[in-house]
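Peer 1: Sending over a structure as structure tokens; questions will come in a sec.
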Amino acid sequence: MKIVVCVSHVPDTATKINVGSDGKTIDQNGVTYVVNPYDEFAIEEALKTKEKSGGEVVIVSVGTDKNKDTIRKALAMGADSAVLLKDENYRDSFAVAKALAEEIKAQDARIIFFGKQSVDYDNSITGQMTAEMLGYNCVTVVVRLEIDGDKVTAEREIEGGKEVVETSLPVVITAQKGLNEPRYASLKGIMQAKKKKIEEKDAAAADNNLEIVKMFKPAPKAPGKIVGEDVSAVPELVRLLREEAKVI
Amino acid sequence: MLVKSDKNEILSYLSDAANFRGNAEKVYVPEKIEEVSRILQECFEAGTPVHISGMGTGLTGGRVPAGGVIVSTEKLNRIIEINKTEKFAIVESGVILEDFHKELKDQNLYYPPDPTEQCSSIGGNISNNASGAKTFKFGPTRDYVLALEVSLADGETVHLTRGEVFEKDGFIDFKSKNGRAYHIPVEPVNMPTTKNAAGYYMRKGMDAVDLFIGSEGTLGIILQAKLKLLPLPEDFLSMLLFFEDENVALKFVAELRDSSRNKKNEYIDALAIEFFDWNSLEFLRDDFPNIPEGERTALWIEQDVSGAESDNILLAYTELLEKYGVDTEEVWFATGDKERRELIRFRHAVSQKVSDFISRNNIRKVGTDLAVPDDKFFDFYHFCKNGSEHSGLKFIVYGHFGNSHIHLNMLPSNEDEYRIAKELYRELCAEAVKAGGTISAEHGIGKIKREYLKMMYSDRDLESMKKIKAALDTKNNLSPGNIFL
């Protein structure tokens, strides 16, 4: 049984992002990339599923050669093989989902893991779209998962609580923080990952439905104001909060 | 310049990271280096004691005054120049290490000194000759100071460039910018060969710059420093190894150290070798639930690499680890900057967890900062550990084992235990000195470790140090109470 994990290659959350000169993309200068943090939970859950029920964990990623760093990390964590669906151009979530769905179909995989969202564009939609294109069941924002034969029981986070759902394979699961504790890549894993082949294919053709018109940074926050440093400043503070900031 | 005198406002300046407390009348926060001289001159004339505050991350009460005033360097925080071609930087003393490291990284440059506390200031680092994990390969702060601008106790400013002023015939002579001459007697003392932050640096033919490095604010206020930089290594290999048997881990440390120092294997050249005992791992389990069950010791190893070599380096480490029966599947390996930060967090978390435990249980820590010569280290480690086990105290050991440097923290839970811990601490210091080591490898003496300095140096040596202090600070005005009882 094949278990597919769809991973994306995103800017390190500690990296400083600037908008590129075209006003539509990010300036790549000094930006380092990492495995999308939510995808790490997805990889871990796939590995645990394999450890419990057997199978083969296949990493699939859409993008350029640069995605290989992320793929290698997933392989070092213990995934068995990987496919890079190449496209040099920007793809929106729909076009990414289209490429992934085609590959998953070709792999004949029935358990698919995603992170609940990629922290680059934060659309939180690729997993659901892929499931729809494949006609698979889909459970999102999963924090606990049990797969027993064809039966899938998942706990998902909802506003103010948790929801337990049951469904069956084939299924797309999108992973939320808390689902597990992702393992570290091991030295042995790194050595083995070097020997694992990354299969490269052209990503299935798909048109974007979205166009990025403009990208800009939020206006810088106005500097804070120190009204005073002891109790005597309180009346003035209250006045400013009421009259200037208009928050009380 | 800001001057603070409100009690509540200055409270945060009256203690340090060791929670050592004191008091002061006011805090000066100069924004220009010229202002420092003026404050010092006034205080000198009035006979007001002056203490110097960096970021307050010290562990020996060095910045904590018993009266007088405080000069805080927090606003003297400009990076004046980063010279890429000649690889140096000129910075004011209040620059925070983390900011400096970030700025350099953007320019592909590297400043290796890295005491675990990233929020410390460069001035504080120099005053303490700060070291840390990377000292194993790159040496302590001292090795990176090219020049210093220092404000002396009398308010005079002196600029010293390495390689220009040396000890000659028992004296160091220099002049301030205003032309005032200083004639400082230097009688060499027998300093340990280990890394060391205990007492003044006093060697025959020594450079005047070295006198101020590690002088803990007693000889002057560092205003500016010119620091040596290195090219940023292409990459860092960073990994955490787990061992079931502590003795195997120690043998591994010995071989890795020997291999790195003496180039026994062309691919093995660690820059840091850090040790964590079983109690450290227990403290960390909440934050790092993946720590394998049953493992009793961990080592964190880092090595700088250039891309082409990395496969060979990995292979060399794999072979070395297999020789010691380490399961390479359980070796945590940082595949990028993000994972490397995680491993650094692992190291930082230990000391943080210990501090949390202490404040939560309202106990006092008795922590060692002992280093001994490499050939004495393993016997010394066992002496420390056996003593601690025998005492019945709760304790935790981690440290820079690459440099034969132990942080053994005893965690007494009541007054009786505290007394036992203090006695044991004294025994461990004595043993370190007997082995030719130091009672303070990186934290300095401050006010907490003064009585132990006497174990390292004879009365005559300490008198020689005091003569230096007297020559530069005739009224004992600067950081009184630091280093000397």
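Chain order of the listed sequences is C and D. Start counting the first sequence at -4; every next residue gets the next number (my numbering). Start counting the second sequence at 25; every next residue gets the next number (my numbering). Where is the CB? At the ideal position from N, CA and C, for every residue including glycine.
1. By the three-class DSSP mapping on this structure, what secondary structure does Ser113/C have?
2. I'd like to know if Ala37/C contacts chain D, where contact means its C-beta is closer than 8 Å to some C-beta of that chain.
3. Looking at the structure shown, is Cys133/C part of a helix, part of a strand, or coil, going by DSSP?
4. In terms of residues, what are the limits of the alpha helix (DSSP H) holding Ser144/D?
5. Check the DSSP bridge columns for Gln327/D and list the partner residues they point to.
6. Write down the C-beta distance between Glu295/D and Phe425/D rounded to the nearest angstrom, noting that I regard them as a contact closer than 8 Å.
7. Mind reading off the beta-carbon distance from Lys31/D to Val51/D? Whole number of angstroms is fine, and I expect it under 8 Å.
8. By how many angstroms is the C-alpha of Phe381/D removed from the C-alpha of Lys418/D?
9. Is His42/D near Thr84/D, with beta carbons less than 8 Å apart?
10. Under the three-state reduction of DSSP, which class applies to Asp138/D: helix, strand or coil?
11. What is the C-beta distance between Ile99/C and Ile(-2)/C, in whole angstroms, given that I count them as a contact (C-beta under 8 Å)?
12. Distance cutoff 8 Å, beta carbons only. Does Leu338/D sit that close to anything in chain C?
13. Which residue's Cα is closest to the Cα of Leu38/D: Glu58/D, Glu55/D and Ser77/D?
14. Below 8 Å on the Cβ atoms is my guess for Ile246/D versus Val174/D; work out the distance and round it to an integer in Å.
15. Could you pull out every residue in the same chain whose Cβ sits closer than 6 Å to the Cβ of Leu121/D, ignoring the five residues on either side in sequence?
16. Note the first and the last residue of the continuous beta strand (DSSP E) segment covering Phe299/D.
17. Just verifying my parser: in three-state terms, what is the DSSP assignment at Ala9/C?
18. Closer than 8 Å by beta-carbon distance: list the chain D residues that pair up with Ile185/C, in chain order.
19. Taking only beta-carbon positions, decide if Tyr341/D is within less than 8 Å of chain C.
20. Using only alpha-carbon positions, find the residue among Leu432/D, Gly416/D and His414/D that is nearest to Tyr422/D.
21. Which first and last residues belong to the alpha helix (DSSP H) in which Val51/D is found?
22. Are the segment 210 to 230 of chain D and the segment 476 to 483 of chain D in contact at 8 Å, needing three or more beta carbon pairs?
23. Please name the residues in the segment 196 to 224 of chain D whose beta-carbon is closer than 9 Å to at least one beta-carbon of chain C, in chain order.
24. Put Pro32/C into one of helix, strand or coil per three-state DSSP.
25. Thinking C-alpha only, which one of Gly187/D, Glu279/D and Glu180/D is nearest Gly203/D?
26. Is the distance from the Cβ of Gly148/D to the Cβ of Thr81/D below 8 Å?
27. Identify every run of the alpha helix (DSSP H) within the segment 356 to 420 of chain D, keeping only runs that are complete inside it and at least 4 residues long; order them along the chain.
28. Nearest chain C C-beta to Asn314/D closer than 8 Å, yes or no?
29. Is the CB-CB distance between Thr359/D and Lys183/C below 8 Å?
30. What are the start and end residues of the beta strand (DSSP E) that includes His431/D?
31. Between which two residues does the beta strand (DSSP E) harbouring Asn107/D extend?
Peer 2: This is what the structure holds:
1. If you number the first sequence from 1, residue 113/C lands on position 118. In the three-state reduction of the DSSP assignment, Ser113/C falls in the coil class.
2. Numbered from 1 along the first sequence, position 42 holds the residue referred to as residue 37/C. So no, Ala37/C is outside the interface.
3. Numbered from 1 along the first sequence, position 138 holds the residue referred to as residue 133/C. When secondary structure is reduced to three states using DSSP, Cys133/C falls in the strand class.
4. Indexing the second sequence from 1 puts residue 144/D at position 120. For Ser144/D, there is no enclosing alpha helix (DSSP H), as DSSP marks it with neither H nor E.
5. Position 303 of the second sequence, counted from the first residue, corresponds to residue 327/D. Looking at the DSSP assignment, Gln327/D forms a beta bridge with Leu261/D.
6. By 1-based counting over the second sequence, the position of residue 295/D is 271. By 1-based counting over the second sequence, the position of residue 425/D is 401. One point to set straight first is that residue 295/D is Leu, not Glu, in the sequence displayed. 13 Å between Cβ atoms; not a contact.
7. The residue given as residue 31/D occupies position 7 in the second sequence. The residue given as residue 51/D occupies position 27 in the second sequence. With 8 Å as the limit, Lys31/D and Val51/D do not qualify as a contact, their Cβ atoms being about 11 Å apart.
8. Position 394 of the second sequence, counted from the start, is the residue given in the question as residue 418/D. Position 357 of the second sequence, counted from the start, is the residue given in the question as residue 381/D. Within the model, the alpha-carbon separation for Lys418/D versus Phe381/D is close to 12 Å.
9. In the second sequence, residue 42/D corresponds to position 18, counting from 1. In the second sequence, residue 84/D corresponds to position 60, counting from 1. Correcting the residue type first, residue 42/D is Ala in the shown sequence and not His. In contact: Ala42/D and Thr84/D (Cβ atoms closer than 8 Å).
10. For the purposes of this step, residue 138/D is taken as the residue at position 114 of the second sequence. Strand, per DSSP.
11. Taking the first residue of the first sequence as position 1, residue 99/C is located at position 104. Taking the first residue of the first sequence as position 1, residue -2/C is located at position 3. Contact between Ile99/C and Ile(-2)/C is ruled out by a C-beta separation of about 11 Å, above the 8 Å threshold.
12. If you number the second sequence from 1, residue 338/D lands on position 314. So, interface residue.
13. Residue 38/D sits at position 14 when you count from the first residue of the second sequence. Selected option, being the one with the closest Cα: Ser77/D.
14. Here residue 246/D corresponds to residue number 222 of the second sequence, with the count starting at 1. Here residue 174/D corresponds to residue number 150 of the second sequence, with the count starting at 1. Yes, they are in contact, since the Cβ atoms of Ile246/D and Val174/D sit about 6 Å apart, within 8 Å.
15. Taking the second sequence and counting its residues from 1, the one referred to as residue 121/D is at position 97. Once the five neighbours on either side are set aside, the close Cβ partners of Leu121/D are Gln142 and Ser144.
16. As a first step, residue 299/D must be located in the second sequence, where it is residue number 275. Phe299/D -> beta strand (DSSP E) spans Ala296 to Phe300.
17. Counted from its first residue, the first sequence places residue 9/C at position 14. Coil at Ala9/C, not helix or strand.
18. Mapped onto the first sequence, residue 185/C falls at position 190. Within chain D, the C-beta atoms nearer than 8 Å to that of Ile185/C come from Leu338, Phe357 and Thr359, in chain order.
19. By 1-based counting over the second sequence, the position of residue 341/D is 317. Yes, its Cβ sits closer than 8 Å to a Cβ of chain C.
20. For this step, residue 422/D is matched to residue 398 along the second sequence. When each option's Cα is compared against that of Tyr422/D, the closest is Leu432/D.
21. If you number the second sequence from 1, residue 51/D lands on position 27. Here Val51/D belongs to no alpha helix (DSSP H); instead the beta strand (DSSP E) covers Lys50 to Val53.
22. These segments touch.
23. For chain C, none of the residues of the segment 196 to 224 of chain D brings a beta carbon within less than 9 Å of one of its beta carbons.
24. Reading the first sequence from its first residue, position 37 is the one you call residue 32/C. Pro32/C: helix per DSSP, three-state reduction.
25. Looking up residue 203/D in the second sequence gives position 179. Considering only alpha carbons, the answer is Glu180/D.
26. Counting from one through the second sequence, the residue named residue 148/D turns up at place 124. Counting from one through the second sequence, the residue named residue 81/D turns up at place 57. In this structure, Thr81/D lies closer than 8 Å to Gly148/D by Cβ.
27. If we require 4 residues or more, the alpha helix (DSSP H) runs fully inside the segment 356 to 420 of chain D come out as 361 to 384 and 401 to 415.
28. Within the second sequence, residue 314/D is the residue found at index 290, counting from 1. Yes, its Cβ sits closer than 8 Å to a Cβ of chain C.
29. Taking the first residue of the second sequence as position 1, residue 359/D is located at position 335. Taking the first residue of the first sequence as position 1, residue 183/C is located at position 188. Result no, Cβ atoms of Thr359/D and Lys183/C do not sit closer than 8 Å.
30. Within the second sequence, residue 431/D is the residue found at index 407, counting from 1. From DSSP, the beta strand (DSSP E) with His431/D extends over His429 to Met434.
31. Here residue 107/D is taken as the residue at index 83 of the second sequence, counted from 1. Unbroken beta strand (DSSP E) run through Asn107/D: Ile103 to Asn107.
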